[in-house]
Every structure is written in C-alpha cells, then in structure tokens.
C-alpha cells in the first residue's frame, strides 16, 4: 500500500469521526437541556423526600440519555436535593457537550473541515397568537452559546437586560434600537454563567420579560 493510499484512508476515517461527533452534538443540543430544566423544576420546588427525588430523577432521565448518564455518575446529588441534582446535571451536560465540540474541532482541523459554531437558542418577540411576550419566556443554555431574538408579532420590540452576572455590563450589552420588521433578528453570545433577566422596553408594563440561565 503506497503512502498516498494510507493518507487517503486516514482522511476517510477522520471524516467519519467528525460526522459522528457532529451528530452527537446535535443530539445533545441546547433544546434538550432546556426541556430537562422545565420538566424538573416543578419537582425541585417540592419538599425533599423520596417521592420528589424519584419524580425529579424520572423527569431528567426521560429527556436525554446524557442526563441519565450524569445521574448514574453522580447519584448522591439527587439524594440530597432534586434542585441540586438539576444544577449538577445541567453543568455536566454542558461540560460533556463542550468536550464533544473540542474533539470534533480537533478532528475537523486534521482534514481542514470548517469549525463548528456554538449552539443557539431562539426566542420569538411576540407570540404567534399576538400576545406581548417573549416565547419561550425562560431559556437555559450553556456558557458560550448564542441566543437569537426574532421579531414575530406586534413590534417594535427590543431586548434590555435588567439583571445579569458580574462582569456583564447590562447597558453596553443590551440591544441598540428596536426590531420592527417581521423576521428581523438580534443575537447575543453569553459566556458568563448565571441568570440574565431582560425585558422589552416598550412593553415592560404589559409584562414582556424573559430570563436566560447560563450553565
């Protein structure tokens, strides 16, 4: 077997590896994390007992195999507090997804493939029914992910951060101006873990507010 043939086969193998890793990233996307959070927060609010622990565990395991694997690895967190287990699961979800991303990027670099972009969440500005609200109102992502707001109904709308983790300047990072044209977008990458609360300035009196949790 000549050297060119060996390099060619190696390229095919690496390309296959990239495909597998990219597929894994898609399966472990940010939407799964968001569903896990919304499914299990109601159990975390209940008294810490056998029933609430079991319910929280089932909610997390039913959403994504990665969540189930995390709970198998760290069962002691759920025994103490379902909400603590949720936080732990979210953090480990992001760690594993980011590890997959780094591995895929390294494999892609070997064959000159394009870099992978970070995961993203999309929020509608104005619901499909015309309500003055962000949809979804609450979003959970991993550090380094991007949130994109899309003008949907009854604009103009904007995104004004009211509370954020230390190191994030709410005035500087908020949207400049407004979105009025249907389908227009504005995006923000969030690198600092914590909770970000925001509102639509023209419609804040109507309760048009949202929240982003970054793990």
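In UniProt numbering, the protein residues as written are 1 to 215.
We put the beta carbon where it would ideally sit given N, CA and C, even for glycine.
Source: prediction; values computed, not measured.
Within the same chain, Cβ atoms closer than 6 Å to the Cβ of residue 180 are found at 155, 156, the five residues on either side in sequence being excluded. Assigned with DSSP and collapsed to three states, residue 137 falls in coil, not helix or strand.
Ranked by Cα distance from residue 193, the options 183, 135, 133, 146 are led by 146.
Separation of residue 176 and residue 158 (C-alpha to C-alpha, rounded to the nearest whole angstrom) is 8 Å.
Proximity to residue 165 across 149, 143, 185 peaks at 143, based on C-alpha coordinates.
The closest CA to that of residue 195, considering only 122, 129, 135, 212, is found on 212. Residue environment: residue 182 is assigned as exposed (fewer than 16 neighbouring CB atoms within 10 Å of its CB, all protein chains considered). Exposure of residue 185 is indicated by the presence of fewer than 16 other C-beta atoms within 10 angstroms of its C-beta. Annotated three-state conformation of residue 206 is helix, per DSSP. Comparing C-alpha distances from residue 162 to each of 204, 202, 197 shows the shortest one belongs to 197.
Residue environment for residue 210: buried (at least 16 other C-beta atoms within 10 angstroms of its C-beta). DSSP, read as helix, strand or coil, puts residue 195 in strand.
Bridge pairing for residue 176: absent [DSSP]. If you ignore the 5 residues before and after residue 134, its C-beta comes within less than 6 Å of the C-beta of 123, 210, all in its own chain and listed in chain order. Setting aside the 5 residues that flank it on each side, residue 121 is surrounded in the same chain by 30, 139, 141, 147, each with a C-beta closer than 6 Å to its C-beta; the list follows chain order.
Buried is the label assigned to residue 126, since at least 16 other Cβ atoms lie within 10 Å of its Cβ. If the five residues before and after residue 170 are omitted, its C-beta is found closer than 7 Å to the C-beta atoms of 161, 162, 164, all from its own chain and listed in chain order. Distance from the Cα of residue 190 is smallest, within the candidate group 132, 167, 129, 150, for 167.
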